[in-house]
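Enquirer: In this note's numbering, each residue carries its 1-based index in the sequence shown increased by 1.
The beta-carbon is built from N, C-alpha and C at its ideal position, and this holds for glycine as well.
Here the structure is a predicted model, which means the values were calculated and not measured.
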Amino acid sequence: MKKIVFILTFYVCLLSNIGIDTAFAEKIDYNYILDKAKENSFDLKISNIDIDISKSGVKEARSLYYPTLKSQFYSEYAHDMTNGVQTFSSVGTSIVNSSTKYQDLFTLNLSYNLYDFGIKGKKLDIAKKDVSEKKIVYDKNLKDLKLKIIDIYTRALITHKELNSKKEIYPIYKELFAMEEKLYTAGTSSKIEVADEAIRMAKTADEVDALKTRFKLLLKDLSYFTQENYDSDTIELVDYSEIDESYVSNVNFEKDQGETFKLGVVKEQAKLDIGDMDYEKTPDYRIYQLEIEKKETELQILKRERLPVFGMYSSYNFYGTDKNDFLDSVNDLQDRSVSVGVSATLTPFDGFKTSANIKKLELEIERLKLVRDQKMAELKNRYEKLNEEALYYNGQSGTQEELLVKVQNKLSMIEKMAQQELIDKPTLLNQKADLIQQKVELEKAIINRVAAVKKLNVYSEDAEIVPKLEN
Numbered sequence: 002m003k004k005i006v007f008i009l010t011f012y013v014c015l016l017s018n019i020g021i022d023t024a025f026a027e028k029i030d031y032n033y034i035l036d037k038a039k040e041n042s043f044d045l046k047i048s049n050i051d052i053d054i055s056k057s058g059v060k061e062a063r064s065l066y067y068p069t070l071k072s073q074f075y076s077e078y079a080h081d082m083t084n085g086v087q088t089f090s091s092v093g094t095s096i097v098n099s100s101t102k103y104q105d106l107f108t109l110n111l112s113y114n115l116y117d118f119g120i121k122g123k124k125l126d127i128a129k130k131d132v133s134e135k136k137i138v139y140d141k142n143l144k145d146l147k148l149k150i151i152d153i154y155t156r157a158l159i160t161h162k163e164l165n166s167k168k169e170i171y172p173i174y175k176e177l178f179a180m181e182e183k184l185y186t187a188g189t190s191s192k193i194e195v196a197d198e199a200i201r202m203a204k205t206a207d208e209v210d211a212l213k214t215r216f217k218l219l220l221k222d223l224s225y226f227t228q229e230n231y232d233s234d235t236i237e238l239v240d241y242s243e244i245d246e247s248y249v250s251n252v253n254f255e256k257d258q259g260e261t262f263k264l265g266v267v268k269e270q271a272k273l274d275i276g277d278m279d280y281e282k283t284p285d286y287r288i289y290q291l292e293i294e295k296k297e298t299e300l301q302i303l304k305r306e307r308l309p310v311f312g313m314y315s316s317y318n319f320y321g322t323d324k325n326d327f328l329d330s331v332n333d334l335q336d337r338s339v340s341v342g343v344s345a346t347l348t349p350f351d352g353f354k355t356s357a358n359i360k361k362l363e364l365e366i367e368r369l370k371l372v373r374d375q376k377m378a379e380l381k382n383r384y385e386k387l388n389e390e391a392l393y394y395n396g397q398s399g400t401q402e403e404l405l406v407k408v409q410n411k412l413s414m415i416e417k418m419a420q421q422e423l424i425d426k427p428t429l430l431n432q433k434a435d436l437i438q439q440k441v442e443l444e445k446a447i448i449n450r451v452a453a454v455k456k457l458n459v460y461s462e463d464a465e466i467v468p469k470l471e472n
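Structural data, given as structure tokens:
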């Protein structure tokens, strides 16, 4: 038993340097982190580029409303291998010359789609909806970014407060351990009681190390979004702005200072009402709805492609030739012919390709509608759970506050009894440790509540209902 106590004592001594870092603290808050995350978000930058790409698609679709002007120039040497015996002939798209010569052709071709049963307009409509969809995707990425930052910042803030509370509790356990050792030396305490204090102290030291590591990892997560480095030893995370001040000030253990415990309040209470929320205005719904509308427009285009397309064409030709010299053939270029005409193009049979594509699009539309409804069900479930979570933490924070006040009152009575030597110091120290622990539990409850309300606000920003905060 002596060996165990010695080992625990040695381990505690190695960890006795644990304390609150007094180095200059760099303060950052949620709004700062969010602004930096917006500024450096890869997803938002990619979404901006996607919007510009879609706008280019609109320009491409509008080009269908303009005529197409194409120019071509041909320069060739034709050699008659029959020495003039063969006459000029044309077979298919090939022309057989009857003489040896240099010849050049410059042609201007103008074509215009006169009527295609609204296909041009449908393609432009798809392009415009694609721009709208990409803008909504940007809004959704921004919403997702806010939710991620709220989640990480909340966990980091709670971890930071837990770490500070353990650092406050550690000196108390250290003092209790020293007192227990003295009592053991005096013969009024057992080895088991000394070992219990040593174990409690060592366990707290382990918790401090674990919380330090967790805090560093959470800061790394924040750094990924902000592209900034944070030192866990000097950084200080500020409470959410919805919180009036730190819920509990540092507990002063000096008797002559009196009671320094102070309970803060939340500035505003959440009034949550999701009954009138319009889920069809959320980015998630609008993205799928636009995708469905684009597919439906594609379906209309496919059906109209079975109809004829009427067009107009015109050609203006310059021709030059010479039997002996290339340059002379170029100099001989002059206008030779002009043609103007109309055309009608129709594909009566394409091997059932169009029918297959129509069936494919109909199934894709049906699938998109099911996925859209699934996402809406998930969103509604997530929102209702967040609402319940916010209400739960709201009630929990009230319970924790009442309990904390009771612990404070009990501590005040114990301090008075200790001054009158009616109670021993270990009881006083244990009560102070309980107060610190209760303090951090209250802070965690209210921080979680505020975070839940902030998430509700993010989800409902585009749904025409925002959880109101009122005094």
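Under 8 Å, do Tyr113 and Leu45 count as touching if we go by C-beta distance?
Expert: No, they are not a contact pair.
Enquirer: Which ranges does the alpha helix (DSSP H) cover as unbroken runs of at least 4 residues, wholly within the region 25–68, from first to last along the chain?
Expert: Counting only runs of 4 or more, we get 31–41 and 43–63.
Enquirer: For Gln335, count the other beta carbons within 10 Å of its own beta carbon; 16 or more makes it buried, fewer makes it exposed. Which is it?
Expert: Exposed, because fewer than 16 other Cβ atoms sit within 10 Å of the Cβ of Gln335.
Enquirer: Enumerated in chain order, which unbroken segments of the beta strand (DSSP E) with a length of 3 residues or greater are wholly contained in the region 97–165?
Expert: Listed in chain order, the complete beta strand (DSSP E) runs (minimum 3 residues) inside the region 97–165 are 102–116.
Enquirer: Please report the distance separating the alpha-carbon of Glu365 from that of Lys28.
Expert: The straight-line gap from Cα to Cα measures roughly 51 Å.
Enquirer: Apart from the five residues on each side of it in sequence, which residues of its chain come closer than 6 Å, Cβ to Cβ, to Ile236?
Expert: For Ile236, where only same-chain residues beyond five positions count, the Cβ hits under 6 Å are Glu27.
Enquirer: Do Val451 and Ile244 have their C-beta atoms within less than 8 Å of each other?
Expert: Result yes, Cβ atoms of Val451 and Ile244 sit closer than 8 Å.
Enquirer: Starting from the C-beta of Ser55, find all residues in its chain whose C-beta is less than 8 Å away, skip the five residues before and the five after it, and write them out in chain order.
Expert: Once the five neighbours on either side are set aside, the close Cβ partners of Ser55 are Ala128, Asp131, Val132, Glu134 and Lys135.
Enquirer: In whole angstroms, give me the CA-to-CA distance for Ser72 and Asp51.
Expert: Cα to Cα, the separation comes out at about 34 Å.
Enquirer: Which residue from Ser330, Asp435, Glu462 and Ala157 puts its Cα closest to that of Pro284?
Expert: Ranking Ser330, Asp435, Glu462 and Ala157 by Cα distance to Pro284 puts Glu462 first.
Enquirer: Which residue marks the beginning of the beta strand (DSSP E) containing Ala345, and which one marks its end?
Expert: Its beta strand (DSSP E) spans residues Gln335 to Thr346.
Enquirer: Expressed to the nearest angstrom, what Euclidean distance is found between the alpha-carbon atoms of Glu194 and Glu229?
Expert: Looking at the two C-alpha atoms, the distance is approximately 48 Å.
Enquirer: Measuring only the C-alpha atoms, how far is Tyr78 from Tyr320?
Expert: Taking the straight line from one Cα to the other gives about 14 Å.
Enquirer: Is the region 366–378 in contact with the region 287–296, if contact means three or more CB pairs nearer than 8 Å?
Expert: Short answer: they touch.
Enquirer: Give me, in chain order, the residues of the same chain whose beta-carbon lies closer than 6 Å to that of Thr346; leave out the 5 immediate sequence neighbours on both sides.
Expert: The residues are Val310.
Enquirer: Quick one: grab the DSSP three-state call for Lys324.
Expert: Note: Lys324 maps to coil in three-state DSSP.
Enquirer: Over the uninterrupted alpha helix (DSSP H) stretch that includes Tyr208, give me the two end residues.
Expert: In the sequence under discussion, the amino acid at residue 208 is Glu, which differs from the Tyr named in the question. Start and end: Lys192 to Thr227.
Enquirer: Beta-carbon within less than 6 Å of Phe226's beta-carbon, same chain only, minus the 5 sequence neighbours each way: which residues are those?
Expert: Ala38, listed in sequence order.
Enquirer: Do you know offhand how far Arg242's Cα is from Leu219's?
Expert: Here residue 242 turns out to be Ser, not Arg, going by the sequence shown. Distance between the alpha carbons of Ser242 and Leu219 is about 20 Å.
Enquirer: Assuming Asp222 and Ile153 form a contact by the criterion Cβ under 8 Å, report the distance between their Cβ atoms to the nearest whole angstrom.
Expert: About 5 Å separates the two Cβ atoms, so the contact holds.
Enquirer: Would you kindly work out how many angstroms separate the C-alpha atoms of Ile448 and Glu163, rounded to a whole number?
Expert: Ile448 and Glu163: Cα-Cα distance of roughly 12 Å.
Enquirer: Out of curiosity, what's the CA-to-CA distance linking Phe350 and Gly58?
Expert: So the alpha carbons of these two residues sit roughly 30 Å apart.
Enquirer: In or out: Ile170 buried (at least 16 other Cβ within 10 Å) or exposed?
Expert: So Ile170 counts as buried.
Enquirer: Exposed or buried, Ser233, counting other C-beta atoms within 10 Å across all chains shown (16 or more means buried)?
Expert: Ser233 is buried by the Cβ-count criterion.
Enquirer: When you compare each of Ser190, Arg156, Thr348 and Phe216 to Gly306 by their alpha carbons, which one comes out closest?
Expert: Checking the sequence shown, residue 306 turns out to be Glu, not Gly. Among Ser190, Arg156, Thr348 and Phe216, the Cα nearest to that of Glu306 belongs to Thr348.
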